[in-house]
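Numbering (the working numbering), first residue to last: -4 to 753.
Just so it is clear, CB atoms sit at the ideal spot from N, CA and C, and this is done for glycine as well.
Please read all numbers here as calculations on a predicted model, not as lab measurements.
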Amino acid sequence: MARELLFSGDNRKQELRQLKRAFDRIAGTAAALRPGEHPAEPMHAVALIHAERGRGKTRLAMELYRYLAGSCDPDGYWPDDPDMLAEPVAVMPGAERNNFAAEMPFLWWGMAVADSPNPGNTIFGTLDDLLPHLTAARLAGRRQASARTLAAEAVDLATDVGLEMTEMAVEVTGEALGLGMIKRLGQGMWNIGQIVRRHTSSGAEESLSADSQVKSVVDAVMTDLSRLFAPRSTTWCGKPLVILVDDAQFADRDPAMAAFLERLIARSDQERWPLMLLITHWDKELRNVLAADGTQQPRSHVANVLRHATDPREVDPGRYAGQRGGSLHADHYLDVDLGAPVDDLRPALNDRYPGIEAGTATEILTRADGNPRMLEQIMARMERKPVWFEGGQTDNDLTPEGRSAILALSDLPLEEIVLQRLRDTPEDVRSALVLASLLGNRFVVDLVERLSLDRLQHPARSSLEEGESRYRFLRNVSDRSRNDTADFAERLFHEAATEYRRSGLARKEIASLPSDSDLAGALDSLLTGLVQSPDVFAYLTEDDLSIALSIAADRMERHDPASAALALARLVGVEDQRGNPEGAYVATDRFISIAEPDGDRLTNIPSYLLDQVVTALLRRGDRQNAERLVLLMLDRAGAQVERDPENTEWQRDLSISHDRVGDIRVATGDREGARKAFEAGMRIHEALARRDPENTEWQRDLIVSHVKLAGSGADPARHYAAALDIARTLASDDRLMPVDDWMIPELERRLAEQEGDD
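In structure tokens form, the structure reads like this:
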């Protein structure tokens, strides 16, 4: 069993016991259920762990994880690692450390909401972490019902989802189940598996398979969780689900999270899930307060969700997901207030520095005033100052000079202590941290690298890696398995690097560092190049581009709104490509607010990007803004064609604009208007296809036109047949792209349905 958290004191241990009791109640009730039984009372529990920064909220939640991994996981499915609570705290263990050959006793899903102007869709960002555990929970449920081995159940499950048995046989040896196999199983089983594969529809596939498009990551996750954790489900796994949402106050900038939590609480009540939901949150944002400037600061979105869920008098639908109120009964809600200081931090200091004389230790602890974060930062600086200890050994007592230095350090505000830690790092690490701070709390490492090469004439990546591995200011720099994005390990560290730069202290101490304005100009130039020609940055993944374009839009919004609009239009397409519709919706909202579709800020935005914005607007049901944008596109494309009738690119833009007008007419039920718009687009597509029959893209456009006309009710059998003939011709000429292999059987099916109706 993992050792107790040394920063807890007696009062934190009491609060931990509350959480343990709540989990044990949920797990016991779930274990006693018979298959298909619907409990009379809810099983779920929601624990709000709140205090101001530095009081140990995340640590308390993760101590529950360590209790579960150490005491409730006899087969060792989850890693039992005391270092998980080292700075920075990781709220979700990497799946590569799990033992998938063991039976899962509970599912833990930890999510940390990013402290960033654009935190992104936190849920989407953790789907890779969640997916293998959904599959493991399904295997555990099957094994519990059948009493067969996990390996046997995995082979059967592989057959169910259409994986080759020969492939599975290679990866299943006795009881050994690997992460790769578990992920492939999950990609075939779950709604979120489709998202993780980064497969979304576009072009003709959108018009043929619109019903299969993922319109909401939240929808996909809720459906998958319900399959596993609703006792009446035929695929009920019988295991508890524990979800941690860390730093929930930042979710105001992540609208998907508030919608998810509102739905999660309501559905877990309705369907009686064995859910334990942990939410960490800053105190002030839980209530309406008057800010220093006299303005009213409203409570956070998550606080609103909890108020609505816990108030039995609430009759109005929730503001984020339309769920009913009062779905969280008082005896299932734990208000864990960590406002009081930790009553005894001595074990933490003694464990790390056992040789410090008792009186000196008492003085340090008195200055820390029961704040775990304060003591942690004091000790982190001591770690880099062995000269303060007798014989240079940190196991020994302090020298007189060391004692004076530490007591002086302990008198500083927390922010000053962190700044001192930053100044202890080598010059190259400090330079890299300064450059990264320009991009924000979350940044793209390769952009920092380019900025460093441009202004400092040396690379930054290895220095950033040292800032992570040795000094723990950053995280995710070294792990490039998914993308090249990284974060400051916490808000304090980004604030320290920013203050170091803005105060001018960085330039005084680092002679090679340019001025703040020079660095900002270089970054803006780099981001402008990215927004104008992202292909030049082809090495960036879609995840990297998402962060980079968000940063660009933030920086450009005030001084160059037209470029900010272009960045956001590109961001809409990137989010769709990576399977994050909620991210596309957020970018679309920002685009509409900045671009002023009736103004001049769309002049330099290509039509294909505007079309991506329209697609997102239509998918979400915002027909008003979609129509404004489409009519503007139509006018612009018509004027361009009038100026140069031979320009085939402008001709194609005009045809796409007509198609989009038709889509909007379909959405409003105006079939006649849709037919006329689609026919106008069809005439252009046909002319282009006759002009160059070898142009596969134009032939594909013609397929789209036929399908759209068929969908509008205009002689569907004839148009499906025409589309099928084109697709078959492309296939016979080996010009049908592999991504379109589904097209012929789908068109054949639709044509057969029409002929059957006739």
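If you check the CB distance, V424 and L434 do not come in under 9 angstroms.
Secondary structure of Q291 (DSSP, three-state): strand.
Residue burial annotation: N93 is buried, with at least 16 other C-beta atoms found within 10 angstroms of its C-beta. Separation of L43 and A251 (C-alpha to C-alpha, rounded to the nearest whole angstrom) is 19 angstroms.
The Cβ-Cβ distance between V337 and P367 falls below 9 angstroms. Per DSSP, the unbroken beta strand (DSSP E) holding L239 starts and ends at L236 to D241. For H714, the uninterrupted alpha helix (DSSP H) segment begins and ends at P711 to S727. It is roughly 6 angstroms from the alpha-carbon of T536 to the alpha-carbon of N478.
In this chain, L126 is not harboured by any beta strand (DSSP E); it is covered by the alpha helix (DSSP H) spanning L122 to S141.
Judged by DSSP secondary structure, W103 falls within the beta strand (DSSP E) whose first and last residues are L102 to A107.
In the DSSP assignment, A96 falls outside any beta strand (DSSP E), carrying neither H nor E.
Note that the C-beta distance between A304 and L273 is not below 9 angstroms.
The stretch 211 to 229 makes contact with the stretch 574 to 588; the number of CB pairs closer than 8 angstroms reaches 3 or more. Secondary structure in the stretch 525 to 587: the alpha helix (DSSP H) runs of 4 residues or longer, each lying completely within the stretch, are 537 to 554 and 556 to 572 in chain order. Residues A107, V108, D110 and T275 of the same chain have their beta carbon placed closer than 7 angstroms to that of D242, with the five preceding and five following residues left out of the count. If you look at M271, you'll find it isn't in any alpha helix (DSSP H); it sits in the beta strand (DSSP E) that goes L270 to W277. Comparing C-alpha distances from M99 to each of L134, R416, D687 and S528 shows the shortest one belongs to L134. In the three-state reduction of the DSSP assignment, F468 falls in the coil class. The Cβ atoms of A726 and H701 lie no closer than 9 angstroms to each other.
Distances from the alpha-carbon of R465 to those of V656, I351, T144 and R379 put R379 closest. Between the stretch 607 to 625 and the stretch 665 to 683, the count of C-beta pairs closer than 8 angstroms stays below three; the two stretches do not touch. A straight line joining the alpha-carbon of G157 with that of T144 spans about 20 angstroms. Going by DSSP, R730 is part of no beta strand (DSSP E) at all; its letter is neither H nor E. Annotation: F673 is outside any beta strand (DSSP E); the continuous alpha helix (DSSP H) that includes it extends over R666 to R686. Minimum Cα-Cα distance from R550 among the listed residues D530, Y715 and V526 corresponds to V526. Three or more Cβ pairs drawn from the stretch 670 to 678 and the stretch 707 to 723 lie within less than 8 angstroms of each other, which places the two stretches in contact. Comparing alpha carbon positions, the residue from D124, R686 and A634 closest to I190 is D124. Taking the Cα of P112 as reference, the smallest distance to any Cα among P127, V150, L627 and R486 is reached at R486. Spanning the alpha carbons of P421 and E10 requires a straight line of approximately 40 angstroms. Separation of F119 and L414 (C-alpha to C-alpha, rounded to the nearest whole angstrom) is 33 angstroms. Residue nearest to D648 within the set L626, I659 and R660 is L626 (criterion: CA-CA distance). Under the DSSP assignment, Y328 falls in the beta strand (DSSP E) whose first and last residues are Y328 to D332. For the set D76, Q265, D511 and V636, the Cα lying nearest the Cα of P88 is the one of D76. Shown here, H45 sits in a strand according to DSSP, grouped into three states.
Per the C-alpha coordinates, the member of W737, R258 and T355 positioned closest to A316 is R258.
Around the beta-carbon of M732, fewer than 16 other beta-carbon atoms lie within 10 Å, marking it exposed.
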